[in-house]
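Line by line, the protein sequences give chains A and B. Here this note's numbering runs 2 ahead of the position in the first sequence, where the first position is 1. Here this note's numbering runs 2 ahead of the position in the second sequence, where the first position is 1.
2 protein chains.
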Amino acid sequence: MKTADQAPIAVLGAGVIGAAWAAFFALAGREVRVADPSPDAQQRLDDMLARARPAMQALGLLAEHPRLPRLCAGIEEAVAGVGAIQEALPEQLELKRRAYRAVEAAAPADALLMSSSSGLMPTLLQEGLAHPQRLLIAHPCNPAYLMPLVELVGGQATSADTMDRAEAFYRTLGKQTVRLQREATGHLVNRLQAALWREAVHLVAGGYATVADVDRAVTEGLGARWTVCGPHAIFHLSGGPRGMEAFLERLGPAVESWWADLGQPTLDADTRAKLIAQMQDAAAGRSTETMAQERDAHMLRVMRLLQGDSPSV
Amino acid sequence: MKTADQAPIAVLGAGVIGAAWAAFFALAGREVRVADPSPDAQQRLDDMLARARPAMQALGLLAEHPRLPRLCAGIEEAVAGVGAIQEALPEQLELKRRAYRAVEAAAPADALLMSSSSGLMPTLLQEGLAHPQRLLIAHPCNPAYLMPLVELVGGQATSADTMDRAEAFYRTLGKQTVRLQREATGHLVNRLQAALWREAVHLVAGGYATVADVDRAVTEGLGARWTVCGPHAIFHLSGGPRGMEAFLERLGPAVESWWADLGQPTLDADTRAKLIAQMQDAAAGRSTETMAQERDAHMLRVMRLLQGDSPSV
């Protein structure tokens, strides 16, 4: 039997997330089989490959012999003989469950089954499976071919061996992994992002600052630090030689008073209107397409820089 | 009369913030006078200059003729004839008010008076001043010689002309400025940072993930994006061609449900113990001094990269 490192990889779904996974695995030199019934699946795979190839080349992630993902007639064909299955179907529980039944019918029993779900819990996804111990959530950051982080979340039935194998699988491919020890809606990344946006919305809704200035407080004031120091390490380092302990002694009560003052906005009509109008001002005539291209070009340069560094935490 | 662009600058207080301001202004080529009664003020200025010089050189901010800040006998001597006063005294209201009385007695009436305060509101600082219209808060990111962002916050008595002059003052020196339209505890940067840390603490306190993994979700998953896209722009771009409007239509309710699920931790004994112990694990034997050096070296590289880019928002 092939090990997970050599065996083909199946990707279920060729939407934005699935196509990015397929491009990543294939350009990293792995044999990839894709299942997606939609008529434009091949086109979407081709478009994603064209976008991913220069990015992976710039990051040194392009294999000497990159491959093309192969679109299969169905899930059964895609998963036969694979070592790992990356599921990236729409966030509909019944749709995913139907797909898992096809996986169980055709895939090797020990193939890893990894869902890219950002919104569903792994324990829920495991219900009714014959081999629930090999299922976990492996949630990428977007785009999966560029961003190194994968969040791993096991459900109640996931085995420790599965978690270890999944971690090894992604790390062999150059990914960074974090593990959740308990299931949480939104895992880590989306929860942290939602927490930041909540206060950002409050600052706009309350008339404290414009969308453009709030965003610049992040891009010009906080973003650079957050590429090297996570939120905990920042306060650890501001505590001096005794670190977090000294910080909590000195500033714990102040932090709790800041927290109490944070906003709890709702996305009511007035707030939506402010966000939409001020975001238009901030865009200054640029289309989202233009802004996304600027973002991607910039991100690639930052990712190259970070590759050469070893962040503090 | 000299314009604010040519006139000397006074810095009140040579603590961490004040010394960084003094080093920044002086190495940018401006005449700087510092008032600080503590016996080690000169040493702290010298240490800060030694740290700031290579950073500013690397960023191309070092003047052709950098200067040395001059330590004065008192506030009156420091502020005589200046165009701008950067106050960076400890966060004690009465201490700052005493200093402002000395400023009013000796400084030109039209000199800008900028407090670096992170915790006090400008309207409160204006009480009892003869010229409250020229006072505002200009809050730097740390360290002020490296980080481009300055948050400008006027109080009820601050004139529009003062805000415009302050903005021009910092921009001439190569800084980026954002303006608050209403006073808020913690301005923008510290509020956004507190919001992120609150959820980070919740994830640790609730046993969802370790300090190290939560921090890596930020440094490896979110930080790079936040150097180019602020929290609003991220969702604007994920909305496709119709941007924020489409995002809110499609995902507004989902976002509100994420917000409702975010944590509201307290820094109780159990949480503090977890943060301290797990932060120690994450540090993996490195002292805060070593980690701070790693952070600073890395930040400098990121800042150089960002200088060459024009962020999306």
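Built from N, CA and C at the ideal position, the CB exists for glycine as well. What you are looking at is a predicted structure, and each value in this text was computed from that prediction instead of being measured.
For A:VAL180, the CB contacts under 6 Å within the same chain, skipping 5 residues up- and downstream, are GLU153 in chain order. For A:ALA37, the three-state secondary structure derived from DSSP is strand. Look at B:ASP215: its C-beta is under 8 Å from a C-beta on chain A. The C-alpha of B:MET149 is placed about 8 Å away from the C-alpha of B:MET305. For A:LEU137, the secondary structure class from DSSP, reduced to helix, strand or coil, is strand. Contact of B:TYR210 with chain A is assigned, a C-beta pair being separated by under 8 Å. Within chain A, the C-beta atoms nearer than 7 Å to that of B:LEU239 come from THR290, MET293, ALA294 and ARG297, in chain order. At least 8 Å separates the CB of B:TRP23 from every CB of chain A. Three or more beta-carbon pairs separated by less than 8 Å are not found between the stretch 201-218 of chain B and the stretch 69-83 of chain B, which leaves the two stretches without contact. Inter-residue distance for B:ILE77 and B:PRO145 is about 24 Å (C-alpha atoms, whole angstroms). Look at B:MET305: its C-beta is under 8 Å from a C-beta on chain A. Ranked by Cα distance from A:GLY156, the first of A:MET123, A:PHE171 and A:GLN178 is A:MET123.
In the three-state reduction of the DSSP assignment, B:SER117 falls in the strand class, which pools E and B. In the DSSP assignment, B:THR179 falls within the beta strand (DSSP E) that extends over 178-182.
Contact with chain B is found for A:HIS234, since one of that chain's Cβ atoms lies less than 8 Å from the residue's Cβ.
At a cut-off of 8 Å between C-beta atoms, A:ARG173 does not count as an interface residue with respect to chain B.
Secondary structure note for B:ALA12: its beta strand (DSSP E) is the uninterrupted segment 11-14. Assignment of beta-bridge partners to B:CYS231 by DSSP yields no partner. Beta-bridge partners of B:CYS74 (DSSP): B:ALA37.
Looking from the CA of A:GLU79, the closest CA among A:LEU115, A:ILE87 and A:ALA37 belongs to A:ALA37. A check of alpha carbon separations from B:GLU129 across B:SER120, B:TYR102 and B:GLN44 identifies B:TYR102 as the nearest. Taking 4 residues as the minimum length, the alpha helix (DSSP H) runs contained wholly in the stretch 254-309 of chain A are 271-285, in order along the chain. GLY121: these are the residues of the stretch 102-121 of chain B whose beta carbon lies less than 9 Å from some beta carbon of chain A, given in chain order.
At a beta-carbon threshold of 9 Å, the residues of chain A lying near B:PRO150 are GLU222 and GLY223, ordered along the chain. Contact between B:LEU91 and A:ARG303 does not hold, since the beta-carbon distance rounds to 40 Å and is not under 8 Å. Here the stretch 217-233 of chain B makes contact with the stretch 222-233 of chain A; the two share three or more CB pairs at distances below 8 Å. Along the stretch 187-204 of chain A, the positions whose C-beta sits under 9 Å from a C-beta of chain B are THR187, GLY188, HIS189, LEU190, VAL191, ASN192, ARG193, LEU194, GLN195, ALA196, ALA197, LEU198, TRP199, ARG200, GLU201, ALA202, VAL203 and HIS204, read in chain order. Of the candidates B:LEU151, B:ALA30, B:GLU66 and B:ALA22, B:ALA22 places its Cα closest to the Cα of B:GLU89. Residue pairing from DSSP places A:LEU151 in a beta bridge opposite A:GLN178. Taking the Cα of B:LEU224 as reference, the smallest distance to any Cα among A:LYS276, A:TYR210, A:LEU51 and A:LEU151 is reached at A:LEU151. Contact with chain B is absent for A:LEU126, since none of that chain's Cβ atoms lies less than 8 Å from the residue's Cβ. Interface residue (Cβ-Cβ distance to chain A less than 8 Å): B:ARG181 is classified as such. The secondary-structure analysis by DSSP pairs A:GLN88 across a beta bridge with A:VAL13 and A:MET116. For B:SER289, the number of other beta carbons within 10 angstroms of its own is below 16, and it is reported as exposed. Nearest C-alpha to B:ALA60 among B:GLU258, B:ARG274, B:TYR147 and B:MET281: B:TYR147.
Nearest neighbour of A:ALA248 by Cα position, chosen from B:PRO267, B:MET281, B:GLU251 and B:GLY265, turns out to be B:MET281.
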